[in-house]
Amino acid sequence: MIQVRGLKKRLRSQQVLNGLDIDLPDGHTVVIIGQSGTGKSVFLKHLIGLMRPDAGSIHVDGERVDPLREREWAPVRRKFGMLFQGAALFDSMRVFENVAFPLRERGGLTVEQIRERVMHALSLVDLDGSEDKYPAELSGGMRKRVGLARAIVGEPKYLLYDEPTTGLDPVTADTINELILRLRDSLRVTSIAVTHDMASAFKIGDRIVMLYGGKNYFEGTIEETKATDDPIVRQFITGQAEGPLTAKNRR
Amino acid sequence: MIVSLAGETIKVAFTHRPRWRLFLGHLLNIGVRSQAIVGIAGGFTGMVFAVQTFYQFHKVRLDSATGAVVAVAMAMELGPVLAALMVAGRVGAAVTAELGTMKVTEQIDALRSLGVHPVDYLVVPRFLAMMIALPLLTAEAIWLGIMGGYVLTVHMMGAEPSYYMANMILYTRARDILHGLIKSFFFGFLLIFIACHKGMQTEAGSEGVGRSTNQAVVVSCIAVLISDFFLTLLLTKLLA
Ligand SMILES: Nc1ncnc2c1ncn2[C@@H]1O[C@H](COP(=O)(O)OP(=O)(O)OP(=O)(O)O)[C@@H](O)[C@H]1O
Ligand SMILES: [Mg+2]
Chain A
1 MIQVRGLKKR
11 LRSQQVLNGL
21 DIDLPDGHTV
31 VIIGQSGTGK
41 SVFLKHLIGL
51 MRPDAGSIHV
61 DGERVDPLRE
71 REWAPVRRKF
81 GMLFQGAALF
91 DSMRVFENVA
101 FPLRERGGLT
111 VEQIRERVMH
121 ALSLVDLDGS
131 EDKYPAELSG
141 GMRKRVGLAR
151 AIVGEPKYLL
161 YDEPTTGLDP
171 VTADTINELI
181 LRLRDSLRVT
191 SIAVTHDMAS
201 AFKIGDRIVM
211 LYGGKNYFEG
221 TIEETKATDD
231 PIVRQFITGQ
241 AEGPLTAKNR
251 R
Chain B
252 MIVSLAGETI
262 KVAFTHRPRW
272 RLFLGHLLNI
282 GVRSQAIVGI
292 AGGFTGMVFA
302 VQTFYQFHKV
312 RLDSATGAVV
322 AVAMAMELGP
332 VLAALMVAGR
342 VGAAVTAELG
352 TMKVTEQIDA
362 LRSLGVHPVD
372 YLVVPRFLAM
382 MIALPLLTAE
392 AIWLGIMGGY
402 VLTVHMMGAE
412 PSYYMANMIL
422 YTRARDILHG
432 LIKSFFFGFL
442 LIFIACHKGM
452 QTEAGSEGVG
462 RSTNQAVVVS
472 CIAVLISDFF
482 LTLLLTKLLA
């Protein structure tokens, strides 16, 4: 269970998060939507301490984590797997080493066990046979999937996905959606997924949260989201150029 | 802050188990692969310095003192400073560019997200490798400079070999060599922390990486030259 209260963060002169409250219950997948630049990635980074809030609190499994120092974060972070928006693969390492990295760092597994789990994770994201390539030799979508394999290989309790299906073809994207669902159902993983892909959001999400103006502007189940008559949410999920979201920007 | 980076690194270096594979990799890169440029710098400087000294000393019939001057200058000043400058250009720049790229492509954030402290993984092994490699490279530069000076003065300028050697040994004291090696130790410290700090502070994309790398090299070279002056004052007092 993750609880976020009153989260505020200013970056440069911009108030990116301005009092965000979100509950992320165990075993659920919460999808975060919102326009480009509203602070979705910034929010995910706060959950694992890569950025520190100016105000507000974050509790992970009842422990208050936001005041922790860098070294104290390490055990908390090991409960998490994170897929970065740009994959953030270690470019000096081969795919295999990238995916094996979290396992090796944690220790306690034999070389053989690591190999088995890495190959399994790679096959889950449809990348069997790419383990000896370097990140620079992969396509954008392949990199993303290696990032996903690295995030899930340690079987973390919480998974943070920053745009898991962006840049993938529709078929591969749906494979990833299925994988996210399967992780939730078989391992009871709690997921927070940031996405612009509404088909994916409705498929994988138990709840949808829309960030707007630095706050959780809207929150609801899939049905509630689809049925809402809030003009801002409607414009976003139907993807219209005309509406309150864009009218504000044009002024 | 660069001081807190140094403090954290030293603390971890003494309290955590070393990452041997990373350390050996950096030792290979910083130490073994820098030998050619450091050796060339040391050898040629020793030779050119010997030629200049010999010409001047020849006028006052002090030919055989050339060896002593070359050896002491190589050991105390030229060896450590040249090795440090060459390593700043070769290794310092590469370290800053690598860490800077990791920073702007979120690889450092990825490390942190996996519960690995960037200082432990990126800085400590490089620090240890530098502290071992630079004094050894300095010793190599000193040795090649002295050799170069000897070969040139004795075999090309016609200085008398046994007097050359005798004077050199008479006037070069162990503490002169110690002086040079203490300096190189200190320079290694400066170089690695400037390079790592600049790398990890990098912002703003590939332009930022270029800027950090540039700054790391300039700051390192200036820091070496200025600290060399103060170290010379200090060490000549302490080792007198
Ligand atoms: N390191 C940083 N320094 C300064 N400003 C930042 C930094 N990271 C993000 N920002 C700013 O914070 C705002 C939110 O960025 P964020 O990356 O969270 O957007 P996002 O909602 O993930 O957008 P997208 O959907 O395009 O990925 C942006 O306006 C961005 O300019
Ligand atoms: Mg983003």
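Those protein sequence lines, which keep their order, are chains A and B. Each step along the first sequence adds one to the number in the numbering used here, with nothing skipped, and position 163 is 163. Remember, the numbering used here sits 251 above the position in the second sequence when you count from 1. Don't be surprised by glycine CBs; every beta carbon is placed ideally from N, CA and C.
Linking K310 (chain B) to A345 (chain B) through their CA atoms gives a straight-line distance of about 46 Å. With fewer than 16 other Cβ atoms from the protein chains shown falling within 10 Å of its own Cβ, K488 (chain B) counts as exposed. About 6 Å separates the CB atoms of V42 (chain A) and K9 (chain A); that is less than 8 Å, so the two are in contact.
The segment 433 to 450 of chain B makes no contact with the segment 284 to 301 of chain B; the number of CB pairs closer than 8 Å stays below 3.
Taking 7 Å as the upper bound on Cβ-Cβ separation, chain B lies near residues I48, L50 of the segment 48 to 60 of chain A. Look at T352 (chain B): its C-beta is under 9 Å from a C-beta on chain A. Leaving aside the five residues that flank G147 (chain A) on each side, the residues in its chain whose CB is nearer than 7 Å to its CB run, in chain order, L83, F84, A87, A88, L89.
Close partners of H267 (chain B) in chain A (Cβ separation under 8 Å) are lacking, with about 11 Å as the shortest Cβ gap. The beta carbon of S41 (chain A) sits closer than 8 Å to at least one heavy atom of ligand 2.
Our two residues, L403 (chain B) and V299 (chain B), have alpha carbons roughly 9 Å apart in a direct line. Within the same chain, G343, T347, I445, A446, K449 come within 6 Å of A467 (chain B) by CB-CB distance, once the 5 residues on both sides are set aside. Restricting attention to beta strand (DSSP E) runs no shorter than 3 residues, the segment 134 to 211 of chain A encloses them at 158 to 162, 190 to 194, ordered along the chain. Here A264 (chain B) is near V375 (chain B), since their CB atoms are less than 9 Å apart. Between M381 (chain B) and the set B:H267, B:S285, B:A491, B:G396, the nearest pair of CA atoms involves B:S285. Looking from the CA of Y158 (chain A), the closest CA among A:L187, A:L20, A:E131 belongs to A:L187.
The beta carbon of L11 (chain A) sits closer than 8 Å to at least one heavy atom of ligand 1. With its beta carbon at least 9 Å from every one in chain A, A455 (chain B) lies outside the interface. Any Cβ of chain A closer than 9 Å to the Cβ of A361 (chain B) would place that residue at the interface, and such an atom is present. With the rule of 3 Cβ pairs closer than 8 Å, the segment 378 to 396 of chain B counts as touching the segment 321 to 340 of chain B. For Q358 (chain B) and D169 (chain A), the gap between their C-alpha atoms comes out near 25 Å.
For L103 (chain A), the enclosing alpha helix (DSSP H) has its first and last residue at 95 to 106.
According to DSSP, residue pairing for N18 (chain A) in a beta bridge involves A:K8. With contact defined as three or more Cβ pairs closer than 8 Å, the segment 407 to 423 of chain B and the segment 313 to 329 of chain B are in contact.
The segment 348 to 355 of chain B makes contact with the segment 455 to 466 of chain B; the number of CB pairs closer than 8 Å reaches 3 or more. For G351 (chain B), the closest of B:S364, B:L365, B:P369, B:M337 by C-alpha to C-alpha distance is B:P369.
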